[in-house]
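Participant:
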Amino acid sequence: NIDELSQRILVKPANDVRPEEFQKYALVIRQQLRKDPLDATGWQWLGRLRMSLGQTEEAVNAFDKALKISPDSEDIRMKYAQAMMMVGDDENLQNAKRQVSYLVQIAPENRNYRLLLTVVAAQLNDSDVAFANFALIKDALSADSTVYQSLVNQLRSMGASEGLLSLENGARNGLFDNSPLDNAPLDNSVVANGTRGFDVTVSIANELESKLPSTGFLILFAQDA
1108 NIDELSQRIL
1118 VKPANDVRPE
1128 EFQKYALVIR
1138 QQLRKDPLDA
1148 TGWQWLGRLR
1158 MSLGQTEEAV
1168 NAFDKALKIS
1178 PDSEDIRMKY
1188 AQAMMMVGDD
1198 ENLQNAKRQV
1208 SYLVQIAPEN
1218 RNYRLLLTVV
1228 AAQLNDSDVA
1238 FANFALIKDA
1248 LSADSTVYQS
1258 LVNQLRSMGA
1268 SEGLLSLENG
1278 ARNGLFDNSP
1288 LDNAPLDNSV
1298 VANGTRGFDV
1308 TVSIANELES
1318 KLPSTGFLIL
1328 FAQDA
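Structure below.
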């Protein structure tokens, strides 16, 4: 049922995919890559699977291998940049910016690339790059979209003028419907005072408390819906 799993997990993601299906599909991909380690598509699909599981560093490694095999693939390069943005540390953000800047250089008319560059530049607090690219793509955004509102909040905190942030043509049905930023981090946790973060409450059933290891760790992945 590999074709069915491909459809349910990557092509048209379903809401009821079970953890064991993810693990089974990851195993299938890894087995295929052992047979053909130069399969760029296989590494790309493994990267997408890792991203959907919140395993961002593993996703970065998979996309890195895919890009080395297929350096001319714009889609792999874009997914590689998105994975590094999800890791979110300075080194990965800087590399993501380089990758997206390259995409903008070879396809300057591509507004999705410029939107992605705006986001990563804002995360790096690079106001020059963020402001310049936002000015070129803002009127293709809907004023009600999460993308637009998140960017406006970030750019305003960086000192952007209200003239830059306003939509000249009013709200439009965004040209970015189903854009590659659907799963990209937009840092909605940025608030007016510039702080970041959110609260998480974890509840444990009474019957499980006595079973918790004294040196255990809870690892929580939080990802934009």
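Read in this note's numbering, the sequence shown has 1226 at position 119, and its numbers run on one by one without any break.
Glycine included, C-beta positions come from ideal geometry on N, C-alpha and C.
#1: My output table needs one value for Arg1125: the three-state DSSP class, helix, strand or coil.
#2: Can you say whether Gly1154 is buried or exposed, counting buried as having 16 or more other CB atoms within 10 angstroms of its CB?
#3: Going by beta carbon distance, what residues of the same chain come within less than 7 Å of Lys1245, once the five residues before and after it are set aside?
#4: On a Cα-Cα basis, can you pick out the residue from Leu1156, Trp1150 and Gln1151 that is closest to Arg1115?
#5: Which residue from Ile1109, Lys1142, Glu1216 and Ala1267 puts its Cα closest to that of Phe1129?
#6: With a 10 Å radius around its C-beta and 16 neighbouring C-beta atoms as the bar for buried, classify Ala1312 as buried or exposed.
#7: According to DSSP, simplified to helix, strand and coil, what is Ile1326?
#8: Whole angstroms are fine: how far does the CA of Ser1310 sit from the CA of Glu1316?
#9: Under DSSP, the alpha helix (DSSP H) around Phe1241 begins and ends at which residues?
#10: Thinking C-alpha only, which one of Leu1134, Gln1230, Thr1163 and Thr1148 is nearest Met1193?
#11: Lys1172 and Trp1150: beta carbons closer than 9 Å?
#12: Can you give the Cα-Cα distance for Leu1174 and Leu1262, rounded to whole angstroms?
#13: For the alpha helix (DSSP H) that Ile1109 lies in, which residues bound it at each end?
#14: Roughly how many angstroms lie between the CA atoms of Glu1269 and Asp1235, to the nearest whole one?
#15: Give the secondary structure of Pro1287 by DSSP, where H, G and I count as helix, E and B as strand, and everything else as coil.
#16: Specify, as a first and last residue, the run of the alpha helix (DSSP H) that Asn1217 falls within.
Facilitator: To lay it out plainly:
#1: Residue numbering aside, residue 1125 sits at position 18 when the sequence shown is read from its first letter. Arg1125 sits in coil when the DSSP states are folded into three classes, being neither helix nor strand.
#2: Stepping through the sequence shown from its first residue, residue 1154 is reached at position 47. Buried: at least 16 other Cβ atoms inside 10 Å.
#3: Counted from its first residue, the sequence shown places residue 1245 at position 138. Here the set comprises Leu1274.
#4: Counted from its first residue, the sequence shown places residue 1115 at position 8. Of the listed residues, the one whose Cα sits closest to Arg1115 is Leu1156.
#5: Here residue 1129 refers to the residue found at position 22 when the sequence shown is read from its first residue. The residue from Ile1109, Lys1142, Glu1216 and Ala1267 with its alpha-carbon nearest to that of Phe1129 is Ile1109.
#6: Residue numbering aside, residue 1312 sits at position 205 when the sequence shown is read from its first letter. By the neighbour-count criterion, in which a residue is buried when 16 or more other Cβ atoms sit within 10 angstroms of its Cβ, Ala1312 is exposed.
#7: Here residue 1326 is taken as the residue at index 219 of the sequence shown, counted from 1. Shown here, Ile1326 sits in coil according to DSSP, grouped into three states, outside any helix or strand.
#8: As a position in the sequence shown, residue 1316 is number 209, starting the count at 1. As a position in the sequence shown, residue 1310 is number 203, starting the count at 1. Distance between the alpha carbons of Glu1316 and Ser1310 is about 10 Å.
#9: As a position in the sequence shown, residue 1241 is number 134, starting the count at 1. Residues Ser1234 to Ile1244.
#10: Mapped onto the sequence shown, residue 1193 falls at position 86. Of the listed residues, the one whose Cα sits closest to Met1193 is Thr1163.
#11: Against the sequence shown, residue 1172 aligns to sequence position 65. Against the sequence shown, residue 1150 aligns to sequence position 43. In this structure, Trp1150 lies closer than 9 Å to Lys1172 by Cβ.
#12: In the sequence shown, residue 1174 corresponds to position 67, counting from 1. In the sequence shown, residue 1262 corresponds to position 155, counting from 1. Rounded to whole angstroms, Leu1174 and Leu1262 show a C-alpha spacing of 31 Å.
#13: As a working note, residue 1109 is residue 2 in the sequence shown. From DSSP, the alpha helix (DSSP H) with Ile1109 extends over Ile1109 to Ser1113.
#14: As a position in the sequence shown, residue 1269 is number 162, starting the count at 1. As a position in the sequence shown, residue 1235 is number 128, starting the count at 1. Within the model, the alpha-carbon separation for Glu1269 versus Asp1235 is close to 16 Å.
#15: In the sequence shown, residue 1287 corresponds to position 180, counting from 1. Note that Pro1287 has pLDDT 46, beneath the 50 cutoff, so the model's placement of it is unreliable and no number is given.
#16: Position 110 of the sequence shown holds residue 1217. Counted as a single uninterrupted DSSP element, the stretch harbouring Asn1217 is not any alpha helix (DSSP H), since DSSP gives it neither H nor E.
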